[in-house]
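The structure under discussion appears below in the form of C-alpha cells.
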Amino acid sequence: MRLFLALTLLAVSSLTQAAIKTEEIPYQSADGSKLIGYYAYDDAIKGPRPGVVVVHEWWGLNDYAKRRARDLAELGYSALAIDMYGEGKNTEHPKDAMAFMQAATKDADAASKRFAAGLDLLKKQKQTDPNKIAAIGYCFGGAVVLNAARQGVPLAGVVSFHGALATKTPATPGSVKAKILVEHGALDSMVTQDNVTAFKAEMDKAGADFQFVSLDGAMHGFSNPDADRLSHGEHGGPDIGYNKAADEKSWADMQAFFKKIFG
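Count the sequence shown with mature numbering (1 follows the signal peptide of the UniProt record, and there is no 0) and you get residues -18 to -1, 1 to 245, in order.
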C-alpha cells in the first residue's frame, strides 16, 4: 500500500513539474502588420530562462509551429511561435502557401520588422531572460532565421531545419553575431548542391561560427510528421517527406547546440 501511495505521489509530482502554459498574444510590427504570437512556457520553472523564437514553415502559423513552441517549453525554454504572414494566417494548399510567402518576402525590410517585433515580444515576457535568446525556423522559417543572422540581429544562435539557403543579401565579414546550426536533408530537392556550396562559402567569408549537418535520406520537410500527407492530395503537393530518424537527430543536435550557446 505504501509503495502504491509513493508511486501515485510521484506521478502527481511529475505532472505538476511540467505545467506547460500557452497563450495567443496579439502584437504589431513597425510596418503596421497585425500579428499573433503563440507563447509557451513551463509554469513550474521559476524565474527567467532562455528564450527561443520559432518561425513557421511556408504553411503559416499552424499547429506544427505551435507544437514546436510547446516542445521547447517542455525543455525549459520560454518559446514564442511568431507570425510572419499576419493575423495568424495559415493554409495546407501549396498555391496559397506560395502566395503568402511571396507576399511576406517581397519587402525585405517589412519582413525584418515582423521578425524584430516577434523577438521583442518574446523578450518582454517575464519568463524570458532577454540576454539569452535564440531562434529556430523551418523551411521558410529557416531562411528567416538565417537572414536574421546575416543582418547581425543580436541572437545567441539560430537553427535552420530544412531551410532555404540562398539569399540576395549575403553576409559580410564580421556581420554575423549569432552562432549558426543548419540541419539539412541530403535529399532536399528544393535546396541544390550549388546552394549548399554557396552558403558554406558565404559563411566562411563572413567569418561566421556555423555548423552544417547533412542528414542522410532526408527530404525537405523531414521534421514535420504531416509532411507525407501534405505532399499529396488533389491539389498536388511539394516534394517533401517526414523522416523520423532525421527529425530526432536534428532535434537532439539543437538541444546540444542550445546547451553550448546558453551555457
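Every residue gets a Cβ at the ideal spot worked out from N, C-alpha and C, and that includes glycine. Note that the structure is a prediction, hence the values are computed from the model and not measured.
Under the DSSP assignment, residue 165 falls in the beta strand (DSSP E) whose first and last residues are 161 to 167. Of the other Cβ atoms in all chains shown, fewer than 16 fall within 10 Å of the Cβ of residue 14; this residue is therefore exposed. For residue 231, the closest C-alpha among the options 211, 209, 220 and 198 is that of 198. Residues 147 and 148 of the same chain have their beta carbon placed closer than 8 Å to that of residue 180, with the five preceding and five following residues left out of the count. Remark: three or more beta-carbon pairs, one from each stretch, lie closer than 8 Å, so the stretch 23 to 37 and the stretch 52 to 66 are flagged as touching. For residue 27, same chain residues with a beta-carbon under 7 Å away, outside a window of 5 residues either side, are 58 in chain order.
Distance from the CA atom of residue 117 to the CA atom of residue 140, rounded to whole angstroms, is 5 Å. An exposed status is given to residue 174, since fewer than 16 other beta-carbon atoms sit within 10 Å of its beta-carbon.
DSSP places residue 107 in the coil class of the three-state scheme, outside both helix and strand. Of the candidates 122, 219 and 1, the residue whose Cα lies closest to the Cα of residue 42 is 122.
A contact is defined here as three or more CB-CB pairs under 8 Å, and the stretch 59 to 79 meets this definition with respect to the stretch 99 to 117. Residue 13 sits in coil when the DSSP states are folded into three classes, being neither helix nor strand.
In the structure shown, residue 204 adopts coil according to DSSP, grouped into three states. CA-to-CA, the gap between residue 109 and residue 150 works out to about 36 Å. Around the CB of residue 24, 16 or more other CB atoms lie within 10 Å, so the residue is classed as buried.
Counting only residues of its own chain and dropping the five nearest sequence neighbours on each side, residue 185 has a CB closer than 6 Å to the CB of 192.
CA-CA distance, residue 171 to residue 82, rounds to 21 Å.
Under the three-state reduction of DSSP output, residue 76 falls in the helix class. By the 16-neighbour rule on beta-carbons within 10 angstroms, residue 223 is buried. Distance between residue 177 and residue 124, taken at the CA atoms: about 14 Å.
In this chain, the alpha helix (DSSP H) harbouring residue 126 covers 122 to 132. For residue 195, the enclosing beta strand (DSSP E) stretches over residues 192 to 197.
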